[in-house]
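Since the structure comes first, as structure tokens, the remarks are kept for the end.
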Amino acid sequence: MYIPRHFANDDRAALAAVIRDYAFGLLITCDDGRPFATHIPFVFDAQAGPNGTLLAHVARTNPHWRGFDGTREALAVFQGPHAYVSPSWYETENAVPTWNYVAVHAYGRPRAIEGKEQTLKVLRRLVAQHETPATGPWSMDGLPADYLDMMVKGIVAFEMPVDRLEGKFKLSQNKSEADRQGVVRGLRAQTDDPMAAEVARIMSNGSSR
0 MYIPRHFAND DRAALAAVIR DYAFGLLITC DDGRPFATHI PFVFDAQAGP NGTLLAHVAR
60 TNPHWRGFDG TREALAVFQG PHAYVSPSWY ETENAVPTWN YVAVHAYGRP RAIEGKEQTL
120 KVLRRLVAQH ETPATGPWSM DGLPADYLDM MVKGIVAFEM PVDRLEGKFK LSQNKSEADR
180 QGVVRGLRAQ TDDPMAAEVA RIMSNGSSR
């Protein structure tokens, strides 16, 4: 990812927060010169390995997993909040439109997880991360054993120890303070756009949380 120095973020806690809060990522590999991508939710275990480990699963009918042998590099992309920035919000007279955004790229070599119990551990972590009191909460424990077995056989869980993380927080850091405050006000005025409000919050707080 192209990251000008103004926008680079190597704060591991901030990058982990983006992965956690925007966990529906895009996993990309390249085999025989052709890219292949799968959209899936992830769990990020920040304590597993020097740079953390991503956990997820794909459908067994998805051929993507056949390349998860622990040797081929993959890229997981996590898109955080983003919003259009109008030049009318700047004090600077000569300006053009742009887009402010937060993105995290995680590189690693995914490997398939074998065995029912290990697969269930991944599933339980995914459920625990995404179920909340507002959603139910729902538990796998209520499923009939034969139905759960059938579901587990239909997927392939995998882990991807992260070799490196890249964070890009493009939030008008290359603009004057007056222009930055103008962007924050402009974003906050977009009352029908919660994403714009989140970008404004991060710009004001200096945090992805």
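Per numbering that gives the first Met the number 0, the very first residue in the sequence shown carries number 0; after that it's consecutive. We put the CB at the ideal spot given by N, CA and C, even for glycine.
(1) Does DSSP put W110 in a helix, a strand or coil?
(2) Scan the segment 48-94 and note each continuous beta strand (DSSP E) run of 3 residues or more that stays entirely inside, going in chain order.
(3) Find the nearest neighbour of L142 within the set N8, R123, D162, judged by alpha-carbon distance.
(4) Mind pulling the alpha helix (DSSP H) runs of 4 or more residues that sit fully within the segment 119-156?
(5) On the DSSP bridge list, what partners appear for Y100?
(6) Rounding to the nearest angstrom, what Cα-Cα distance links H56 and W98 in this structure?
(7) What does DSSP give as the partner residue(s) for I39 in the beta ladder?
(8) I need the straight-line Cα distance from A7 to P80, nearest angstrom please.
(9) Taking the alpha carbon of A102 as the reference point, which residue from A13, Q78, Q46 has its own alpha carbon closest?
(10) Buried or exposed: which applies to E158, given that a residue is buried once 16 or more other Cβ atoms fall within 10 Å of its Cβ?
(11) The alpha helix (DSSP H) with D178 in it runs from where to where?
(12) Thinking C-alpha only, which one of R19, M0, V183 is nearest G51?
(13) What's the gap between the Cα of I2 and the Cα of W137?
(14) Please state whether DSSP places A7 in a helix, a strand or coil.
(15) Per the contact definition of three or more C-beta pairs closer than 8 Å, is the segment 115-132 in contact with the segment 38-51?
(16) Within 10 angstroms of its Cβ, does K174 collect 16 or more other Cβ (buried), or is it exposed?
(17) The alpha helix (DSSP H) spanning M0 covers which residue range?
(18) Would you kindly report the start and end of the unbroken alpha helix (DSSP H) that includes A195?
Taking the structure as given:
(1) Taking the first residue of the sequence shown as 1, we reach residue 110 at position 111. The amino acid at residue 110 is misidentified as Trp; the sequence shows Arg. Note: R110 maps to strand in three-state DSSP.
(2) Counting only runs that start and end inside the segment 48-94, the beta strand (DSSP E) elements of at least 3 residues fall at 52-58, 73-84.
(3) Reading the sequence shown from its first residue, position 143 is the one you call residue 142. Minimum Cα-Cα distance from L142 among the listed residues N8, R123, D162 corresponds to R123.
(4) Within the segment 119-156, the complete alpha helix (DSSP H) runs of at least 4 residues are 144-152.
(5) On the sequence shown, position 101 is the one that residue 100 refers to. Per DSSP, the beta bridge partners of Y100 are H81, K169.
(6) Walking along the sequence shown from the start, residue 56 turns up at place 57. Walking along the sequence shown from the start, residue 98 turns up at place 99. The alpha-carbon atoms of H56 and W98 are separated by roughly 32 Å.
(7) To locate residue 39, count along the sequence shown from 1; it is residue 40. DSSP lists G24 as the bridge partner or partners of I39.
(8) If you number the sequence shown from 1, residue 7 lands on position 8. If you number the sequence shown from 1, residue 80 lands on position 81. Rounded to the nearest angstrom, the two C-alpha atoms are 16 Å apart.
(9) Translated into the one-based positions of the sequence shown, residue 102 becomes position 103. Minimum Cα distance to A102 is reached at Q78.
(10) By 1-based counting over the sequence shown, the position of residue 158 is 159. Answer is buried; the Cβ neighbour count reaches 16.
(11) Here residue 178 refers to the residue found at position 179 of the sequence shown. Where D178 is concerned, the enclosing alpha helix (DSSP H) stretches over 176-187.
(12) By one-based count along the sequence shown, residue 51 stands at place 52. Per the Cα distances, R19.
(13) Here the question's residue 2 lines up with position 3 in the sequence shown. Here the question's residue 137 lines up with position 138 in the sequence shown. When only Cα atoms are considered, I2 and W137 end up about 40 Å apart.
(14) Counting from one through the sequence shown, the residue named residue 7 turns up at place 8. In the structure shown, A7 sits in a strand (DSSP, three-state: E or B).
(15) In short, these stretches touch, since the Cβ pair count reaches three.
(16) As a position in the sequence shown, residue 174 is number 175, starting the count at 1. Under this definition K174 is a buried residue.
(17) Counting from 1 along the sequence shown, the entry for residue 0 is found at position 1. Annotation for M0: no alpha helix (DSSP H) segment contains it, and DSSP assigns it neither H nor E.
(18) The residue labelled residue 195 in the question sits at position 196 within the sequence shown. Run containing A195: 193-204, per the alpha helix (DSSP H) assignment.
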